[in-house]
Amino acid sequence: MSSSVEAITVLSSDGDEFKITVSAAKLSKPLNWMLEDVCFSDDCDEVPTIEVNSKTLVKVIEYCEKHAPRANSGASDSDAEELKKWDIEFMKMDVKDILFHILMAANYLHMEGLYDLACQTAADLMKGMTVSQIRKIFHIKNDFSSEEQEQLRRQHPGCSFD
Amino acid sequence: MASGLLIHNTTIDKLSLGKIVVDNRDLLSNLHDNILGHILSFLPATEAVRTSVLSKRWIRVWRSITGLQFDDSMLYSGKRTPKEHFINYVNNTLSHLGDSSFLNFSLSLLRYLYDPSQISAWIYFILGRGVRNLRVHYADKVLLSSCSLFNCSSLEHLVLQMRCTLSVTSSSVCLPNLQYLSFSGIRLVSDSSSDSKDLTLSFPVLKVFEARGCEWSMQNVSIQVPQLQTFSIAFWSSLSNESSRCSINIYAPNLTDFSYEGDLEHEIILSNPSSIHKASVVIVFDEDRNDGMREIDAWTHMLLRQFHKVENLKLWFYKVPMHAKDAFADLRAFGRLNYLQINEVAGEALLNLLHNSPMLKTLVLLHGVFKFNKDLLTSASVPRCFHSCLKVFQFGGFNVHEHELSLAKFVMGNAAKLERMTITTAFWLKYSNINMEEVKEQLLSFPKCSTYASLEFADVNGLLR
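Residue numbers (UniProt numbering), protein chains in the order written: chain A, 1 to 162; chain B, 1 to 465.
See below:
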């Protein structure tokens, strides 16, 4: 690829165009492979598609752009602290609505930091909840028969079914 | 954690935008086992295993877990877990684990005491599963073979806080993926059967090295850490009567933060100390050990002269300066030093440091300065940093002694760029009959070299107005 390229254009699965800087795209292994590929040379018109919907991709790119400076150069502890706070805010926003999409996108795009962050956020939603509360939050249907429940109760003597 | 990442892009399209709260579909259960396993790894082990009763889909999900956190002081249904239950529970959980590679394992055992071999059995099991992040907190003794620990090449993040003696059989140890190492209470000894008393620790990608309360009884330890940024080591006072002094050679060309705490029983040699910006040295000298009095000077001197490129230096000496008259003499200049913090210091030593720190901006004395002859300052030449750099002088532990007043006068009268001098009085002055208003007036009457220098007074509770 040409060294003059600073940002690349990608398509979301909904067909919308998005710009992402090269340094931010490097946070994702598959995107990094694409960068090394010819498809971003100056004389190529083809825009690659990323199998992530627009609403999710906006957030993923926002995350990449924020984290790119630190990922590309060793940053100080104070930066790391600031970034941690930013991550918490990032996950507090409307992201919760699309948490599962972010989770899958981070997995698909091989982005360790975002993947861990999304998994942590999902786990935090379960933490300290009773089994029935978790079922309620995530709409998990209890499909055990009463005999099966009885059997599970015996297998996990300490577990609460409330 | 790349191995936990698998491509499941097909499911992405199945899920349209939706809110967890509004949308009534069970999006969570639709995720792949590997993703769910990773989510569960962020939960305490009890909660992770408990998800097996959510629904049929979830019976086996937890076995894909990529990490387990066991904590024996966790409340379980509002009750403490009895020790026997906890042991059974850990054993049971470990025996049901699937074959997926294991990333994180944390054992927090602060409530009960265990059979040392019980804990090591758990650790061995986890080391055998290619764990990347291992964290063990335990207050008592654990038996662990150094081989199994140092052969676990998957380790990236290792935190061991427990009483453990690692008897090293080989003369070199390498953990190729280790990025963070924190040891507390770990003794490193060379195996009695081995001939060599030397040890090489090689961690090619290690960024942080922390060792607290450690005892290393080897002749020479060489630490090869080309990417290390932070090195922090704190020794317990050596109780052994071994006469030979251990020498620790550190090869760390990218080291920026250095911290040492101990009695200098170990010689620390940095192969390339010029990368260090920030150094902290805490030396606690045991006065009962008469033999080392003269040596402590030379040892302190040798350690300090390695930090000639630091910008930030913290020197906390306990019971050292009375003996260490020569530790600060003939030091190489601290050409870049702009922040210096000292807990207690002799007058001569302080002058030496000031003369050797031409760029010093901030000087902090936590507990004042030892009594010195009043001629010391009248005959002293003005340090270079007073002409162009010194802006802040924090004078803590001020006892209103004559020599302290003369030091304050010396700084005020000669520091051309001084912006602020803060004098914090020692706590006992509150109960004395010294009239602080008079002392303040006396201090304020000293001639000021810098026209914009302000003088502040504080006691232990903060600034006085």
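C-beta: ideal position from N, C-alpha, C; glycine also. Owing to the predicted nature of the structure, the values given are computational and were not obtained by experimental measurement.
task = Determine, using beta-carbon pairs with one atom in the segment 252-259 of chain B and one in the segment 223-232 of chain B, whether at least three such pairs fall under 8 Å.
result = yes
inquiry  = Buried or exposed for B/Val22, going by 16 or more other Cβ atoms inside 10 Å?
reply    = With a pLDDT of 46 at B/Val22, under the threshold of 50, the modelled position of this residue cannot be trusted; read the value that follows with caution. B/Val22 should be labelled exposed.
Secondary structure of B/Val22, DSSP reduced to three states = Its pLDDT being 46, under 50, B/Val22 is placed unreliably by the model, and nothing is read from it.
query = How would you write the range of the beta strand (DSSP E) that B/Ser222 sits in, first residue to last?
reply = 220-224
ask   = Taking Cβ positions only, does A/Asp87 come closer than 7 Å to chain E?
value = Given the protein chain composition of this structure (A and B), no chain E is represented.
inquiry  = Helix, strand or coil, according to DSSP, for A/Arg135 in the structure here?
reply    = helix
query = CA-CA distance, A/Val52 and A/Gly113?
reply = Roughly 18 Å between the two C-alpha positions.
Contacts that B/Ser247 makes with chain A (C-beta to C-beta distance below 8 Å) = The contacting residues do not exist; B/Ser247 stays about 30 Å from chain A at best.
inquiry  = Whole angstroms are fine: how far does the CA of B/Pro273 sit from the CA of B/Glu261?
reply    = 17 Å
request  = Please list, in chain order, all residues of the same chain as B/Asp33 whose beta carbon is under 7 Å from its beta carbon, the five residues on each side excluded.
outcome  = Annotation for B/Asp33: Val61, Ser64 place their beta carbon closer than 7 Å to its own, counting only its chain and skipping 5 residues before and after.
ask   = Can you name the residues that DSSP bridges to B/Tyr452?
value = Secondary-structure assignment with DSSP links B/Tyr452 through no beta bridge to anything.
query = Under 7 Å Cβ-Cβ, which residues of chain A neighbour B/His277?
reply = Near B/His277 there are no residues of chain A at all, since even the closest Cβ is about 11 Å away, more than 7 Å.
Neighbour list for A/Val120 in chain B, Cβ cutoff strictly below 7 Å = Here the sequence assigns Gln to residue 120 of chain A, which means Val is not the residue at that position. The contacting residues are Phe42.
inquiry  = Can you look up B/His387 in the DSSP assignment and give me helix, strand or coil?
reply    = Residue state, collapsed to three classes: helix.
inquiry  = Just to confirm the assignment: which complete alpha helix (DSSP H) runs, minimum length 4, are found wholly within the segment 58-102 of chain B?
reply    = 83-96
request  = Give the single residue among B/Ile423, B/Ser406, B/Lys314 whose Cα lies nearest to the Cα of B/Gly396.
outcome  = B/Ile423
message = Does the segment 425-432 of chain B come into contact with the segment 407-414 of chain B, if we say contact requires no fewer than three beta-carbon pairs (one atom in each stretch) closer than 8 Å?
response = no
ask   = Where does the unbroken beta strand (DSSP E) through B/Met162 begin, and where does it stop?
value = 157-168
task = If I'm right that B/Leu107 touches B/Trp122 with Cβ under 8 Å, what's the distance once you round it to whole angstroms?
result = 6 Å
ask   = Three-state secondary structure (DSSP) at B/Met359?
value = Coil at B/Met359, not helix or strand.
task = Please determine if the segment 83-94 of chain B and the segment 131-149 of chain B are in contact, where contact requires at least 3 C-beta pairs separated by less than 8 Å.
result = no
request  = Can you say whether B/Gly335 is buried or exposed, counting buried as having 16 or more other CB atoms within 10 angstroms of its CB?
outcome  = exposed
ask   = When the Cα atoms are used, what is the spatial distance from B/Leu270 to B/Gln306?
value = The straight-line gap from Cα to Cα measures roughly 7 Å.
key: Within chain B, partners of A/Arg135 - CB distance below 8 Å   = Leu54, Ser55
task = Would you mind listing the alpha helix (DSSP H) stretches within the UniProt domain "SKP1 component POZ" (8-67) of chain A that are 4+ residues and don't spill past its ends, in chain order?
result = 22-25, 29-36
message = Could you pull the DSSP bridge partners for B/Val208 from this structure?
response = B/Tyr180, B/Thr230
message = Taking DSSP's pairing of strands, which residues face residue 479 of chain B in a bridge?
response = Within the shown structure, residues of chain B are numbered from 1 to 465, placing residue 479 of chain B beyond reach of any answer.
key: Under 9 Å (Cβ pairs) to chain B, residues found in the segment 139-151 of chain A   = His139, Ile140, Lys141, Asn142, Asp143, Phe144, Glu148, Gln149
inquiry  = If contacts are defined as beta-carbon pairs under 8 Å, then A/His110 and A/Pro30 qualify, I think. What distance do you get, rounded to the angstrom?
reply    = 6 Å
message = Among the candidates B/Gly347, B/Arg384, B/Ser217, whose CA atom is the shortest distance from the CA of B/Leu405?
response = B/Gly347
key: Reference A/Ile140; option with closest CA among A/Ser132, A/Lys66, A/Tyr63   = A/Ser132
Identity of the residue in A/Ile134, A/Trp33, A/Cys64 nearest A/Lys19 by Cα = When each option's Cα is compared against that of A/Lys19, the closest is A/Cys64.
Euclidean distance between Cα positions of B/Val49 and A/Arg70 = Our two residues, B/Val49 and A/Arg70, have alpha carbons roughly 36 Å apart in a direct line.
ask   = Using the beta-carbon of each residue, which ones in chain B are nearer than 9 Å to A/Leu114?
value = Chain B residues near A/Leu114: none, gap ~11 Å exceeds 9 Å.
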